[in-house]
Amino acid sequence: MTDQIATTMLLSKEKETDAIDLILKLGGEGIRKCYQCGSCTAICPISEDYMTSFRRSIKYAQLGLEKKLSSDLTPWLCYACGECSNSCPRDANPSEIMMSIRRYLTIKYDWTGISRALYLNSKILLSAILSLSILTGIIIYFLHGPVMTDKVALALFAPIEIVETGGRLIFASLAAILLVNIYRMYRMTTSLKIKLPLKTYLKEFLKTLTPNFLTQKLFG
Numbered sequence: 167m168t169d170q171i172a173t174t175m176l177l178s179k180e181k182e183t184d185a186i187d188l189i190l191k192l193g194g195e196g197i198r199k200c201y202q203c204g205s206c207t208a209i210c211p212i213s214e215d216y217m218t219s220f221r222r223s224i225k226y227a228q229l230g231l232e233k234k235l236s237s238d239l240t241p242w243l244c245y246a247c248g249e250c251s252n253s254c255p256r257d258a259n260p261s262e263i264m265m266s267i268r269r270y271l272t273i274k275y276d277w278t279g280i281s282r283a284l285y286l287n288s289k290i291l292l293s294a295i296l297s298l299s300i301l302t303g304i305i306i307y308f309l310h311g312p313v314m315t316d317k318v319a320l321a322l323f324a325p326i327e328i329v330e331t332g333g334r335l336i337f338a339s340l341a342a343i344l345l346v347n348i349y350r351m352y353r354m355t356t357s358l359k360i361k362l363p364l365k366t367y368l369k370e371f372l373k374t375l376t377p378n379f380l381t382q383k384l385f386g
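The sequence shown runs 167 to 386 under our numbering.
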């Protein structure tokens, strides 16, 4: 066991891949402390139900196995309850490691580079917030309707046709970005696995999404 731990830590130190560096920058500093004891998997309330091991995802990250990590859906099952972090003997904070892996995967799926910029550069994040705020103010200033001081008339102040057109443009642009990201996620998560018909994925997706969306039973 000691030799296995030493080998794992040696590989993770020598093989400074983009995956490891990026996960560390995204808040996964605890990945250096993890020695694969398995307490996180043992305490996890959903590991038995889904017959999965979150320790495996952390192992992929430690070894810099980018393709395996990109094809792993396990991190998305975690809902950050914190049980693993409370029981970790090394204080590696597995919950935060899984969060950083999800941030990493989001960056991998995103073809625009926006996620990477917002996650890794606080100046860009602040600039984006300020720019959107200023843009919103400019749009309201130049496109608003009559200002009524004696009553509330939101439909006059914010003309329906302008709001509707703006909403459609925003929806279309976001949908285009997200659909491409969804496709990239699909390609990455199925590239190393057995090929299944698309209808199987859709069936299982709806089977899982519907009861959890309506009941939130995992939080009960």
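Don't be surprised by glycine CBs; every beta carbon is placed ideally from N, CA and C.
Enclosing alpha helix (DSSP H) for residue i [first to last residue]
i, result
"Ala227", "220-229"
"Lys365", "364-381"
"Asp215", "Counting along the chain, Asp215 falls outside any alpha helix (DSSP H), and DSSP gives it neither H nor E."
"Thr207", "205-209"
"Ala324", "It is not in any alpha helix (DSSP H) - Ala324 carries neither H nor E in the DSSP assignment."
"Leu188", "184-191"
Pairwise C-alpha distance: residue j and residue i
i, j, result
"Val318", "Tyr307", "18 Å"
"Leu375", "Lys234", "25 Å"
"Arg221", "Ala227", "10 Å"
"Phe337", "Pro363", "29 Å"
"Thr366", "Tyr216", "18 Å"
"Leu231", "Ile343", "27 Å"
"Glu370", "Ile304", "45 Å"
"Val329", "Ile263", "41 Å"
"Ala341", "Pro377", "25 Å"
"Arg410", "Ser219", "Outside the displayed span of the chain (167 to 386) sits residue 410, for which this structure offers no information."
"Gly196", "Ile273", "20 Å"
"Ala246", "Ser261", "6 Å"
"Met351", "Lys373", "19 Å"
As assigned by DSSP and simplified to three states, the class of residue i
i, result
"Val346", "helix"
"Val313", "coil"
"Asn252", "helix"
"Asn259", "coil"
"Trp277", "coil"
"Leu235", "helix"
"Val329", "helix"
"Ala294", "helix"
"Tyr201", "coil"
Burial state of residue i (16 or more Cβ within 10 Å)
i, result
"Lys181", "The pLDDT assigned to Lys181 is 46, lower than 50, so where the model puts this residue is not dependable, and the model offers no usable value."
"Ser297", "exposed"
"Met167", "Its pLDDT being 47, under 50, Met167 is placed unreliably by the model, and nothing is read from it."
"Met314", "exposed"
"Ile171", "Interpretation of Ile171 is limited by its pLDDT of 46, a score under 50 that renders its predicted location unreliable; the figure taken from the coordinates is listed afterwards. Label assigned to Ile171: exposed."
8 Å Cβ cutoff, residue i in contact with chain D
i, result
"Leu239", "Considering every chain present, this structure includes no chain D. It has just one protein chain."
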